[in-house]
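S.K.: First the structure, which I've put down as structure tokens, then a few questions once you've had a look.
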Amino acid sequence: MTDNITADVLPRLTRMLRGGQGVRIVLFGSSTIEGVGASTPAHALPSIMQKVLAPFASGGVQVVAHGVGGDDAEAMHARVGAMLADRPDLIVWQTGSNDPLKGDDVAAFVARTRDDLATMRASGADVVLMDQQYCPVLETCPAFPAFRDAVHHIAAQDHVPLFTRYVRMKSWCTELGLSPLDLSPDGLHLNDHGYRLLGEALAAWLIELTGLPGGVASCYQGGGA
14 MTDNITADVL
24 PRLTRMLRGG
34 QGVRIVLFGS
44 STIEGVGAST
54 PAHALPSIMQ
64 KVLAPFASGG
74 VQVVAHGVGG
84 DDAEAMHARV
94 GAMLADRPDL
104 IVWQTGSNDP
114 LKGDDVAAFV
124 ARTRDDLATM
134 RASGADVVLM
144 DQQYCPVLET
154 CPAFPAFRDA
164 VHHIAAQDHV
174 PLFTRYVRMK
184 SWCTELGLSP
194 LDLSPDGLHL
204 NDHGYRLLGE
214 ALAAWLIELT
224 GLPGGVASCY
234 QGGGA
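Okay, here's the thing in structure tokens:
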């Protein structure tokens, strides 16, 4: 299940936004969620998403980050309970970037991720997955394609909405005349420009999935989706 799906895939978020209730969105993952590479917190993913989502949340929206740079699936597993203690209405889970770099086993990654997805869903929160970044470090990692495919497989098998960051970043580079280093100067972590494009696109995609009036045309003016 990829980012061309629509309607009723985020039932809790949709219901709460339509009902004018306050919404808490938790971003869960590694360095992208921590904001490594951003010049200030205002240029990191939570702040950008909160700004884009605010007009659609009459009851208020809070975007909270639970990110630790370098975490693989096993390290994230140890933090699931603390993340769920924040009582999220929606969890955006960014995963699969550090596992190939650490030489982790892809089958173990799939099993751990599916178990943790089940735990997250059992909390009552909506859950979406975000796949890996398009960047030189991962492009030169022999194990990376298997982990990218694994995230897509998990999303399809477990019917989880998937934000295809990898494809979108490649598209931004083509459409905007950028190299991957223009978005990730160190070859791995996003800069302010990269976070802006990602935050705007991710927030717009979430709103599109709720089917709320206005949608992407109103909330996303960034480059390429």
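Going from the sequence shown to our numbering is simple: count from 1 and add 13.
Yeah, the Cβ is synthetic: ideal placement off N, Cα and C, and Gly gets one too.
Keep in mind the model is a prediction, meaning the values are calculated, not measured.
Between the C-alpha atoms of M14 and A169, what's the straight-line distance to the nearest angstrom?
M.R.: Locating residue 14 in the sequence shown gives position 1, where the first residue counts as 1. Locating residue 169 in the sequence shown gives position 156, where the first residue counts as 1. Its pLDDT being 41, under 50, M14 is placed unreliably in this model, and the coordinates cannot settle the point.
S.K.: Smallest Cα separation from L103: which of G50, F41 and L196?
M.R.: Taking the sequence shown and counting its residues from 1, one reaches residue 103 at position 90. Checking every option, the nearest Cα to that of L103 belongs to F41.
S.K.: For the candidate residues M96, A138, G82 and G109, whose alpha-carbon lies nearest to that of R28?
M.R.: Within the sequence shown, numbered from 1, the residue matching residue 28 stands at position 15. Looking at the Cα atoms, A138 is the closest of the given residues.
S.K.: Between the beta-carbon of D300 and the beta-carbon of T177, is there less than 9 Å?
M.R.: Nothing about residue 300 can be reported from this structure: the residues present for the chain run from 14 to 238 only.
S.K.: With a cut-off of 8 Å, do at least 3 Cβ pairs link the stretch 56-72 to the stretch 89-97?
M.R.: no
S.K.: Could you pull the DSSP bridge partners for M143 from this structure?
M.R.: Reading the sequence shown from its first residue, position 130 is the one you call residue 143. According to DSSP, M143 bridges with Q107 and F176.
S.K.: Which of the three DSSP states, helix, strand or coil, is assigned to V123?
M.R.: For the purposes of this step, residue 123 is identified with residue 110 of the sequence shown, where counting begins at 1. DSSP places V123 in helix when its eight states are reduced to three.
S.K.: Between the C-alpha atoms of L210 and A135, what's the straight-line distance to the nearest angstrom?
M.R.: Start at 1 with the first residue of the sequence shown, and residue 210 comes out as number 197. Start at 1 with the first residue of the sequence shown, and residue 135 comes out as number 122. Inter-residue distance for L210 and A135 is about 31 Å (C-alpha atoms, whole angstroms).
S.K.: Between the Cα of G200 and those of V150, G50, S110 and A91, spot the shortest distance and give me the residue it belongs to.
M.R.: Residue numbering aside, residue 200 sits at position 187 when the sequence shown is read from its first letter. Each of V150, G50, S110 and A91 was checked against the Cα of G200, and the nearest Cα belongs to V150.
S.K.: Quick one: Cα of L219 to Cα of P198, how far?
M.R.: Along the sequence shown, one-based indexing puts residue 219 at 206. Along the sequence shown, one-based indexing puts residue 198 at 185. Those two C-alpha atoms are separated by around 27 Å.
S.K.: Classify T45 as buried or exposed, calling it buried when 16 or more other Cβ atoms lie within 10 Å of its own Cβ.
M.R.: Taking the sequence shown and counting its residues from 1, one reaches residue 45 at position 32. Around the beta carbon of T45, 16 or more other beta carbons sit within 10 angstroms, so the residue counts as buried.
S.K.: According to the Cβ coordinates, are F157 and F122 closer than 9 Å?
M.R.: By one-based count along the sequence shown, residue 157 stands at place 144. By one-based count along the sequence shown, residue 122 stands at place 109. Contact flag unset, no.
S.K.: Using a threshold of 9 Å, state whether the C-beta atoms of V36 and D99 are closer than that.
M.R.: Start at 1 with the first residue of the sequence shown, and residue 36 comes out as number 23. Start at 1 with the first residue of the sequence shown, and residue 99 comes out as number 86. Taking 9 Å as the Cβ cut-off, V36 and D99 do not qualify as a contacting pair.
S.K.: How big is the Cα-Cα spacing for P54 and G48?
M.R.: To locate residue 54, count along the sequence shown from 1; it is residue 41. To locate residue 48, count along the sequence shown from 1; it is residue 35. Roughly 7 Å between the two C-alpha positions.
S.K.: Exposed or buried, which one is H166 when buried takes at least 16 other CB atoms within 10 Å?
M.R.: On the sequence shown, residue 166 is found 153 positions in, with the first residue counted as 1. Exposed: under 16 other Cβ atoms inside 10 Å.
S.K.: Measuring CA to CA, which of A214, L66 and S43 is closest to G82?
M.R.: The residue you call residue 82 lines up with position 69 of the sequence shown. Taking each of A214, L66 and S43 in turn and checking the Cα distance to G82, the smallest one comes out for S43.
S.K.: Thinking Q146 and S192 are a contact (beta carbons under 8 Å), I'd like their distance in whole angstroms, please.
M.R.: Translated into the one-based positions of the sequence shown, residue 146 becomes position 133. Translated into the one-based positions of the sequence shown, residue 192 becomes position 179. Going by Cβ atoms, the distance from Q146 to S192 rounds to 14 Å, so no, they are not a contact pair.
S.K.: Looking at the unbroken beta strand (DSSP E) that takes in H56, where does it start and where does it end?
M.R.: The residue labelled residue 56 in the question sits at position 43 within the sequence shown. No beta strand (DSSP E) holds H56; DSSP gives it neither H nor E.
S.K.: Taking the DSSP output, what are the residues bridged to V77?
M.R.: Here residue 77 refers to the residue found at position 64 when the sequence shown is read from its first residue. Per DSSP, V39.
S.K.: By a C-beta neighbour count over all protein chains shown, 10 Å radius and 16 as the cutoff for buried, is L215 buried or exposed?
M.R.: Translated into positions along the sequence shown, residue 215 becomes position 202. When all chains shown are included, L215 counts as buried.
S.K.: Out of V173, D128, V119 and P113, which has the shortest C-alpha to C-alpha gap to P24?
M.R.: Position 11 of the sequence shown, counted from the first residue, corresponds to residue 24. Of the listed residues, the one whose Cα sits closest to P24 is V173.
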